[in-house]
Amino acid sequence: MRNLFRRALPKVAGDAGQEAVPDLWVRCGRCREMLYAREWAEASKVCPKCGFHARLTISDRVALLLDANSWQELDSDLRPTDPLGFAPAGRPSYAEKLATESLDSGQSEAAAYGRGTLDGLPVSLAILDMGYFAGTLGSVVGEKIARAFELGIAERRAVIVVSASGGARQQEGVVALIQMAKTAAAVQALGAARLPFISILTDPTLGGVTASFATLGDCIIAEPGAVIGFAGPRIIEQTTGEKLPPGAQTAEFQLRHGMVDQVVARRDQKAIIARLIRLFSHATQPAQDPTASASTPPGEPRVVAAAGVQ
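Now the structure itself:
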């Protein structure tokens, strides 16, 4: 009789830093607290108990940063190919893995870019997503990042890039590695156009992404607790045989050592980025001559009488 009034509890499955009871609850990936799914989603997937920032999708990031209905994605039809014909013995080929990743994630690549507004400010936004091939930097991801900077230059927009990546995509070999140089050159071109670049580092930002555009921003913002570095902690420990100190490679560690400018919680990111863009935009305007006359045509020389001279 005592089992008549017991109902079977749903199994809890984990993914991307949190565990979920479908439709109702999620379990925090850090403190293990059970959270009401709707409230957790409304808090941008930040645990209200311990502040853990779970990973976001591209659509989550757009909703977090941009004004409603302002996002216009560009070049969503770009898809990766298999330039090396990568097919390791006894394992799925790169082409097969691409098909599986697209089916599982519903995405065509690990990055999206486009135009939108942030607090009314026109921006070019690019976002990397760990949900597709661990956010790795391949030919299409690199091309989209570069095009985000080209869009910023063409339309005089600030550029924001949100990074979440395991590094360069090994299955594309040197084609992936050259994206580091290409994206770094795009950053330099934006700087030459005197437009601001805000880089947001999220969990994790590693490898070739860290070694290229992600750490070249005019202002580098990191999310709390994000793992940021070149090689991941496990790779370093396996290579050197030594354990890293506690907290090494976290956003807070990088802040203390001058590698990032600020650690910013999600609830504050939009307001702080808007303030930064306005500050940068003001700083990059040509200096105005306070003695200039509004009636003087542009480019025409003006004659200003010296003090005491009639």
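Here the sequence shown is numbered in this note's numbering, starting from 392 and rising by one per residue. Glycine is no exception: its CB is placed at the ideal position from the N, C-alpha and C atoms. Values in this document were obtained by computation on a predicted structure and should not be read as measured data.
May I have the straight-line CA-CA distance separating A503 from K573, to the nearest angstrom?
On the sequence shown, position 112 is the one that residue 503 refers to. On the sequence shown, position 182 is the one that residue 573 refers to. Roughly 17 Å between the two C-alpha positions.
Examine the ligand ZN and report whether any of its heavy atoms sits within less than 8 Å of the Cβ of R506.
With respect to small molecules bound, the structure shown includes none, and the ligand ZN cannot be examined in it.
Expressed to the nearest angstrom, what Euclidean distance is found between the alpha-carbon atoms of L670 and L456?
Reading the sequence shown from its first residue, position 279 is the one you call residue 670. Reading the sequence shown from its first residue, position 65 is the one you call residue 456. Cα to Cα, L670 sits roughly 18 Å from L456.
Which of the three DSSP states, helix, strand or coil, is assigned to G649?
Translated into positions along the sequence shown, residue 649 becomes position 258. G649: coil per DSSP, three-state reduction.
Mind checking who F588 pairs with in its DSSP beta bridge?
Reading the sequence shown from its first residue, position 197 is the one you call residue 588. According to DSSP, F588 bridges with V550.
Let's see if you can read the secondary structure: which residues bound the beta strand (DSSP E) around I362?
Since the first and last residues shown for the chain are 392 and 701, residue 362 lies out of range.
So the candidates are R421, C422, G420, L426; which of them puts its Cα closest to the Cα of D414?
As a working mapping, residue 414 is identified with position 23 in the sequence shown. For the residues R421, C422, G420, L426, the minimum Cα distance to D414 belongs to L426.
I think A639 touches T596, with their Cβ atoms under 8 Å apart; what is that distance to the nearest whole Å?
Locating residue 639 in the sequence shown gives position 248, counting from the first residue. Locating residue 596 in the sequence shown gives position 205, counting from the first residue. That pair is no contact at about 15 Å.
Let me know if G608 comes out buried or exposed under the rule of 16 or more other beta-carbons within 10 Å of its beta-carbon.
Position 217 of the sequence shown, counted from the first residue, corresponds to residue 608. Looking at its Cβ environment, which holds 16 or more other Cβ atoms inside 10 Å, G608 is buried.
To the nearest angstrom, how far is the alpha carbon of A678 from that of I551?
As a first step, residue 678 must be located in the sequence shown, where it is residue number 287. As a first step, residue 551 must be located in the sequence shown, where it is residue number 160. Note on A678: pLDDT 49, under 50, position unreliable in the model; the coordinate value appears next. Taking the straight line from one Cα to the other gives about 25 Å.
Let me make sure I understand the geometry here. Which of Q653, T472, S435, V618 has the alpha-carbon closest to that of P637?
For the purposes of this step, residue 637 is taken as residue 246 along the sequence shown, with counting starting at 1. Looking at the Cα atoms, V618 is the closest of the given residues.
Please return the same chain residues whose Cβ sits closer than 7 Å to the Cβ of I611, not counting the five positions on each side in sequence.
Reading the sequence shown from its first residue, position 220 is the one you call residue 611. Result list for I611: S590, L592, V651, D652, in chain order.
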